[in-house]
Amino acid sequence: MTPLTSVLPWTRPYRGRYAAGLAAVALSTALFSLQPTLLRRAIDAMGAGAPLRQVVAIAGTMVALALVTGWFRFHMREILNGISRVVENDLRDALFAKLATLDPAWYGRTRTGEIMARLTNDLGAVRMAVGPA
982 MTPLTSVLPW
992 TRPYRGRYAA
1002 GLAAVALSTA
1012 LFSLQPTLLR
1022 RAIDAMGAGA
1032 PLRQVVAIAG
1042 TMVALALVTG
1052 WFRFHMREIL
1062 NGISRVVEND
1072 LRDALFAKLA
1082 TLDPAWYGRT
1092 RTGEIMARLT
1102 NDLGAVRMAV
1112 GPA
């Protein structure tokens, strides 16, 4: 079992949100890939002496496409970052609950710095693994 596999059960409750985030990734990427085609059409239209109205319409479409792409990218990051923060919080709560059940002898054998490192650095690394930074 890889370390990441042990985190998967913590992400299962958020499968729907992951699907929405990945859909936003796909849509923003697909829409962004249309920009060069529109730019080519605008340049070709200007070179062919097309009416200004046609060139302005293409430019307006490019601006609208950029806004929609930005909206999807914003929500992609919002969704995926949100999931990673919630998973991190769930893991932190479970870790704290486990630490609360340990006997004092365990705390005598384990260095405080090691416990703190697990509570901060390791959970932060898990957050980075389950969602974007």
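Numbering of the sequence shown is given in our numbering, commencing with residue 982 and proceeding in unit increments. Heads up, the beta-carbon is just placed ideally off N, CA and C, and yes, glycines get one too.
Quick check: what's the CA-CA separation for D1025 versus M1043?
As a working note, residue 1025 is residue 44 in the sequence shown. As a working note, residue 1043 is residue 62 in the sequence shown. So the alpha carbons of these two residues sit roughly 15 Å apart.
Select from G1063, P1085 and A1045 the residue whose C-alpha is nearest the C-alpha of L1019.
As a first step, residue 1019 must be located in the sequence shown, where it is residue number 38. The candidate whose alpha carbon is nearest that of L1019 is A1045.
Just the C-alpha distance for L1104 and G1051, rounded to the nearest angstrom, thanks.
Sequence index remark: in the sequence shown, residue 1104 carries index 123 (1-based). Sequence index remark: in the sequence shown, residue 1051 carries index 70 (1-based). Between L1104 and G1051, the C-alpha separation is close to 30 Å.
With T992 and V1107 assumed to form a contact (beta carbons below 8 Å), what rounded beta-carbon distance in angstroms separates them?
Within the sequence shown, the letter at position 11 stands for residue 992. Within the sequence shown, the letter at position 126 stands for residue 1107. That pair is no contact at about 10 Å.
Closest residue to A1000 among R1054, L1083 and I1060 (Cα-Cα distance)
Residue mapping note: residue 1000 aligns to position 19 of the sequence shown, counting from 1. It is I1060 whose Cα lies nearest to the Cα of A1000.
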